[in-house]
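J.:
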Amino acid sequence: MRWCSSRDLSPRMSHRRTWIVIGLLAAIVALPISLRRDTATASARKADDRLVVITPHNESIRAEFGEAFAGWWRERTGRTIHIDWRTPGGTSEIRMVLDAGFKAAEETGNAGIGMDVFFGGGEPDFAGQAKKGRFVPLRVFDTHPEWFVEGGPIPAGFTGERYRDEARTWTGVCISQFGICFNPAFVARLGLAAPAVWSDLGDPRYLGTLALADPTKSGSVARTFELLVQGEMQRALRERPDQRDAALADGWARGLQLIQRMAANARYFTDSASKIPHDVGQGNAATGMCIDFYGRSYAHDLVGRDGEPRVVWIAPEGGTTLSADPIAVLKGAPNPEVAQSFVEFCLAPESQLLWFTRPGMPHGPVARALHRTPIRRDVYTPERLAASTLTGVRPYDDPGNFTYDQKLTGRAFNTLRQLVKVMCIDS
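Be aware that the sequence shown starts at 236, since it is given in our numbering, and climbs by one per residue.
(1) Taking the beta carbon of residue 552 as the centre, do at least 16 other beta carbons fall within 10 Å, making it buried, or is it exposed?
(2) Is it buried or exposed for residue 625, if we count other Cβ within 10 angstroms and need 16 for buried?
(3) Quick check on DSSP: helix, strand or coil for residue 653?
(4) Could you give the first and the last residue of the continuous beta strand (DSSP E) run that contains residue 411?
(5) I think residue 500 touches residue 443, with their Cβ atoms under 8 Å apart; what is that distance to the nearest whole Å?
(6) Can you check which of these residues, 377, 545 and 582, is closest to residue 559 by C-alpha distance?
(7) Give, in chain order, every unbroken run of the beta strand (DSSP E) that is at least 3 residues long and sits entirely within the stretch 279 to 311.
(8) Distance check for residue 489 and residue 299, CA to CA, integer angstroms please.
(9) For the 8 Å Cβ check, are there 3 or more pairs between the stretch 337 to 357 and the stretch 474 to 485?
(10) Once DSSP output is grouped into helix, strand and coil, what is the label at residue 444?
(11) Under three-state DSSP, which class holds residue 577?
(12) Tell me whether residue 283 is buried or exposed, calling it buried when 16 or more other Cβ atoms sit within 10 Å of its Cβ.
(13) To the nearest angstrom, how far is it from the Cα of residue 492 to the Cα of residue 483?
(14) Out of curiosity, what's the CA-to-CA distance linking residue 381 and residue 375?
(15) Rounded to whole angstroms, what's the CA-CA distance from residue 505 to residue 457? Just pull it up for me.
(16) Would you decide whether residue 611 is buried or exposed? Buried here means 16 or more other CB atoms lie within 10 Å of its CB.
(17) Going by other Cβ atoms of all chains shown within 10 Å of its Cβ, with 16 needed for buried, is residue 623 buried or exposed?
(18) Between residue 268 and residue 318, what straight-line distance do the alpha-carbon atoms span, to the nearest angstrom?
(19) Just list the residues that DSSP pairs residue 353 with in beta bridges.
(20) Taking residue 505 as part of the beta strand (DSSP E), name the residues at either end of that continuous run.
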């Protein structure tokens, strides 16, 4: 038997084979283009307008809000826009970027730092930047005062948390809750009941199975540790209301001791808060501290063959609040008109539906559910909840049994995050 070589092929067959190869290569090149959906956003070179946003938000939020705003902007102005997302990391990294940028701007006499909007993070981060005079008043308070009136759709605060500042330089656009995520099967194997309160995570039977995050890398994680400590302080006050100073000192000590017990159980302290629900779902950790939207996202995505969830998220009883995820326009923004319009867009009723509506539903995301809780009260109607990923969630109906008191631990926010690092991570 003799193998056929390319020299044995006729010119016609060789020519045909060449065209087949060319056709396959063309198909490979064209496939990504054919699968790419139409987009309202424009490239940096072709766009009429530009918006520069610094944010800790994940890629899904950036993609969905960027696409929706580009369409909204084009409908109202007839102009295209390119959104330049700056993502240095969590709010700790963003704080360093802003500090360095504004210091350089002051030294060079520039009004701003080349960025327009700070989008996402925690109230302490925005309050700190506002105190340094790095935000400008938001126009939306004047163009839509009905959104912010007493009893209106966007409250000034809830569960002791502020949802905007008095100078109107920042406002919340969605709300978040800090809690516990756990793997039901893993917890059962340890012979434990499902965790219900923060102190459950200090049980020594969780040794080596607890996933925690570094509070110096994330404002949301730092706030979680603050709430844990304040919960112990409030509990001590209820036990000894007539001995306030002694009760507060005792509660502070009890809170730090609980953090130490949790650290003793820790499998690790990660730089990425989103790693925790992933590892819990994969069975690499039994439980961990987790913000609600991370927990809900993984609970939705990770389901066992038996149909049971591999991740469950709960709000610990008497130990968590509903805090705002804010937005602000930076001082010296190069595109102030677009920046103010972006804030208005994020607070509009239709845009708020992006946070919790299922993909493909009217006003919902295109590609992926965001599993976030809108700040507007008026979006929680039966019809809209039925189209959401948060069916049955009505955050403003029940204030819970814990109200944050800024006077107790607010000043210690940054001190506490460093204390946890020194006491539990670096030691």
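Note that beta-carbon positions come from the ideal geometry of N, C-alpha and C, so glycine has one too.
T.: According to the data block:
(1) As a working note, residue 552 is residue 317 in the sequence shown. Counting the other CB atoms within 10 Å of its CB gives residue 552 a total below 16, which places it among the exposed residues.
(2) Mapped onto the sequence shown, residue 625 falls at position 390. Around the beta carbon of residue 625, 16 or more other beta carbons lie within 10 angstroms, which makes this residue buried.
(3) Taking the sequence shown and counting its residues from 1, the one referred to as residue 653 is at position 418. Looking at residue 653 - three-state DSSP - the assignment turns out to be helix.
(4) Working through the sequence shown from its first residue, we reach residue 411 at position 176. Per DSSP, the unbroken beta strand (DSSP E) holding residue 411 starts and ends at 405 to 417.
(5) Position 265 of the sequence shown holds residue 500. Position 208 of the sequence shown holds residue 443. Correct: roughly 7 Å between the Cβ atoms.
(6) Counted from its first residue, the sequence shown places residue 559 at position 324. Ranked by Cα distance from residue 559, the options 377, 545 and 582 are led by 582.
(7) Runs found: 284 to 289.
(8) On the sequence shown, residue 299 is found 64 positions in, with the first residue counted as 1. On the sequence shown, residue 489 is found 254 positions in, with the first residue counted as 1. Cα to Cα, residue 299 sits roughly 43 Å from residue 489.
(9) Contact fails: fewer than three Cβ-Cβ distances are below 8 Å.
(10) To locate residue 444, count along the sequence shown from 1; it is residue 209. In the structure shown, residue 444 adopts coil according to DSSP, grouped into three states.
(11) Position 342 of the sequence shown, counted from the start, is the residue given in the question as residue 577. Annotated three-state conformation of residue 577 is helix, per DSSP.
(12) For the purposes of this step, residue 283 is identified with residue 48 of the sequence shown, where counting begins at 1. Its Cβ having fewer than 16 others within 10 Å, residue 283 is exposed.
(13) Along the sequence shown, read from residue 1 onward, the residue named residue 492 stands at position 257. Along the sequence shown, read from residue 1 onward, the residue named residue 483 stands at position 248. Approximately 14 Å between the Cα atoms of the pair.
(14) Position 146 of the sequence shown, counted from the first residue, corresponds to residue 381. Position 140 of the sequence shown, counted from the first residue, corresponds to residue 375. Approximately 10 Å, taken between the alpha carbons.
(15) Position 270 of the sequence shown, counted from the first residue, corresponds to residue 505. Position 222 of the sequence shown, counted from the first residue, corresponds to residue 457. Their backbone Cα atoms lie some 13 Å apart in a straight line.
(16) Here residue 611 refers to the residue found at position 376 of the sequence shown. The residue in question, residue 611, is buried, as its Cβ has 16 or more Cβ neighbours within 10 Å.
(17) Here the question's residue 623 lines up with position 388 in the sequence shown. Burial call: buried.
(18) Indexing the sequence shown from 1 puts residue 268 at position 33. Indexing the sequence shown from 1 puts residue 318 at position 83. Caution applies to residue 268, whose pLDDT of 40 falls short of 50 and renders its modelled position unreliable; the value that the coordinates give is listed next. Roughly 21 Å separates the two Cα atoms.
(19) By one-based count along the sequence shown, residue 353 stands at place 118. Answer is 289 and 563.
(20) Locating residue 505 in the sequence shown gives position 270, counting from the first residue. That run of the beta strand (DSSP E) goes 501 to 505.
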